[in-house]
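K.L.:
The working numbering applies: residue 3 is where the sequence shown begins, and numbers increase by one.
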Amino acid sequence: MSPASTQPAIEGWFAEDDSGSPHLIGARCPQCGTYVFPPRASNCPNPGCDGDQLESVALSRRGTLWSYTENRYAPPPPYPAPDPFEPFAVAAVQLAEEGLIVLGKVVDDTLAADLKVGMEMELTTMPLFVDDDGVERIVYGWRIAS
Ligand SMILES: [Zn+2]
């Protein structure tokens, strides 16, 4: 049996630096400086800008908690959900440098009662599900910054 491998659930939304710290991959318009996540190659989202070439950039690993909620219901198929389902928190985090608000799942042991708007959060990664080939699929998520 070969060692279990891990792959992102979605290609190209996050990466890890040499030390293993994850960061999100966004895009930035060189004309007006607007950031966007998830990344895309064209079509600046700023209505006052006609920029159509966005460049790929590494986004801040930290931000402040802007809002959050707790999901108490398993998502319907085709979305993968653990069985038995465990409630989890979802956080909207405003990135330190870019000001973008990025929604993500919160690590398993942190629920809404542990969270407070304005807290410092940092990016992490977590397993989402194991696919039919036995590959563990990873997503980015948030945890309370240490
Ligand atoms: Zn622009």
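A virtual CB, placed ideally from N, CA and C, is assigned to each residue, including glycine.
Everything numeric in this text was worked out from a predicted model, so none of it was measured.
Would you mind working out which of 92, 49 and 20 sits nearest residue 116, comparing C-alpha positions?
P.N.:
Counted from its first residue, the sequence shown places residue 116 at position 114. Selected option, being the one with the closest Cα: 92.
K.L.:
Flag this pair as yes or no: are the beta carbons of residue 99 and residue 69 separated by less than 7 Å?
P.N.:
The residue given as residue 99 occupies position 97 in the sequence shown. The residue given as residue 69 occupies position 67 in the sequence shown. Result no, Cβ atoms of residue 99 and residue 69 do not sit closer than 7 Å.
K.L.:
Which one or two residues does DSSP pair with residue 139 in a beta bridge?
P.N.:
Taking the first residue of the sequence shown as position 1, residue 139 is located at position 137. Partner(s): 9 and 131.
K.L.:
By a C-beta neighbour count over all protein chains shown, 10 Å radius and 16 as the cutoff for buried, is residue 129 buried or exposed?
P.N.:
As a working note, residue 129 is residue 127 in the sequence shown. With fewer than 16 other Cβ atoms within 10 Å, it is exposed.
K.L.:
Considering only their Cβ atoms, is the gap separating residue 11 from residue 141 smaller than 7 Å?
P.N.:
Here residue 141 refers to the residue found at position 139 of the sequence shown. Here residue 11 refers to the residue found at position 9 of the sequence shown. The answer is yes: Cβ separation under 7 Å.
K.L.:
With the cut-off set at 7 Å, would you say residue 106 and residue 59 are in Cβ contact?
P.N.:
Counting from one through the sequence shown, the residue named residue 106 turns up at place 104. Counting from one through the sequence shown, the residue named residue 59 turns up at place 57. Not closer than 7 Å, so no.
K.L.:
Return the residue from the list 67, 121, 120 and 75 that minimises the CA-CA distance to residue 95.
P.N.:
Residue numbering aside, residue 95 sits at position 93 when the sequence shown is read from its first letter. With distances taken between Cα atoms, residue 95 lies closest to 67.
K.L.:
Are there 16 or more other CB atoms within 10 angstroms of the CB of residue 37, so buried, or fewer, so exposed?
P.N.:
Here residue 37 is taken as the residue at index 35 of the sequence shown, counted from 1. Buried, by the Cβ-count rule.
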